[in-house]
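Engineer:
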Amino acid sequence: GTRPAAAPAKGPRVAFRLVEDGGKGGGPGEGPDVEQLPAPAETGERKTLPVRREVLLDETMISHVSPTRLGEDLSRFGLSITLTAEGGKRMEEASRRWPLRRVAVVVDGVVLVAAVINPGVSEQLVIDLGEEAAHSDLTGRLHAAAFALPEGPSPPAP
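Counting from 4, one number per residue, gives the positions in the sequence shown under my numbering.
1) When we look at the beta-carbon of residue 63 and count the other beta-carbons within 10 Å, is it buried (16 or more) or exposed?
2) Only counting the same chain, and skipping five residues up and downstream in sequence, which positions put a Cβ closer than 8 Å to that of residue 111?
3) Residue 125: which of 59, 142, 135 sits nearest, CA to CA?
4) Considering only the alpha carbon of each residue, which of 105, 103, 56, 24 lies closest to residue 38?
5) Suppose the cutoff is 7 Å on Cβ atoms and the five residues either side in sequence are ignored; what does the same chain contact list for residue 89 look like?
6) To the nearest angstrom, report how far apart residue 123 and residue 50 are at their CA atoms.
7) Got a sec? Which residues, its chain only, sit under 6 Å from residue 35 by beta carbon, not counting five neighbours each side?
8) Which class does residue 131 belong to by DSSP, given the choice of helix, strand or coil?
9) Given that a residue counts as buried once 16 or more other Cβ atoms are within 10 Å of its Cβ, and exposed if not, what is residue 143?
10) Sort out for me which residues DSSP pairs residue 146 with in a bridge.
11) Suppose you measure from the CA of residue 102 to the CA of residue 53; what does that come to, to the nearest Å?
12) Using beta-carbon positions only, say whether residue 84 and residue 106 come within less than 7 Å of one another.
13) In angstroms with no decimal places, state the Cα-to-Cα distance between residue 42 and residue 23.
14) Is residue 20 helix, strand or coil when you go by DSSP?
15) Is the beta carbon of residue 82 less than 7 Å from the beta carbon of residue 132?
16) In whole angstroms, give me the CA-to-CA distance for residue 134 and residue 14.
17) Determine the direct distance from the alpha carbon of residue 80 to that of residue 74, and round the result to whole angstroms.
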């Protein structure tokens with residue numbers, strides 16, 4: 004077989020993208036700038052989610068990901084994300100432009116979680132994942148995608 008002269012460009016492994024719940028130019032989740040992505044199905048929710056193609060943040064703007072516990076009795080699981088200075092600026096701008104809109108955290112083309120942007124957020128994000136322990140694996144999946152080693156040949160040994 005033959006190989007193409009250049010591999011097709013890949014998008015980011017991790018992308019923060021606006022959820023499109025309707026608005027100008029069509030019904031919910033329609034339009035040329037929107038695509039349906041696979042999403043976790045919960046009771047009464049869709050199995051796909053309409054998200055804008057525009058990437059607000061990518062994995063290069065994440066500096067730390069860790070699990071956290073939320074609530075007075077610490078019964079809820081959370082995902083703590085620290086952004087770089089550039090990521091913080093972009094998230095702060097997004098929170099001003101689209102307050103209380105949902106943002107999907109997309110990993111390898113699949114919606115990991117969608118959360119509301121609270122006004123004024125910047126470099127430190129906390130996403131409430133709920134009370135189910137099964138949600139705690141989302142932290143590992145996001146961490147693995149955000150901090151994956153680059154593809155390609157290994158550097159030569161010293």
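From the three backbone atoms N, C-alpha and C, an ideal C-beta is built for every residue, glycine too.
Structural biologist: On the basis of the data shown:
1) exposed
2) 16, 148
3) 59
4) 56
5) 64
6) 30 Å
7) none
8) strand
9) exposed
10) Answer is none; residue 146 lacks a bridge partner.
11) 18 Å
12) no
13) 14 Å
14) strand
15) yes
16) 32 Å
17) 9 Å
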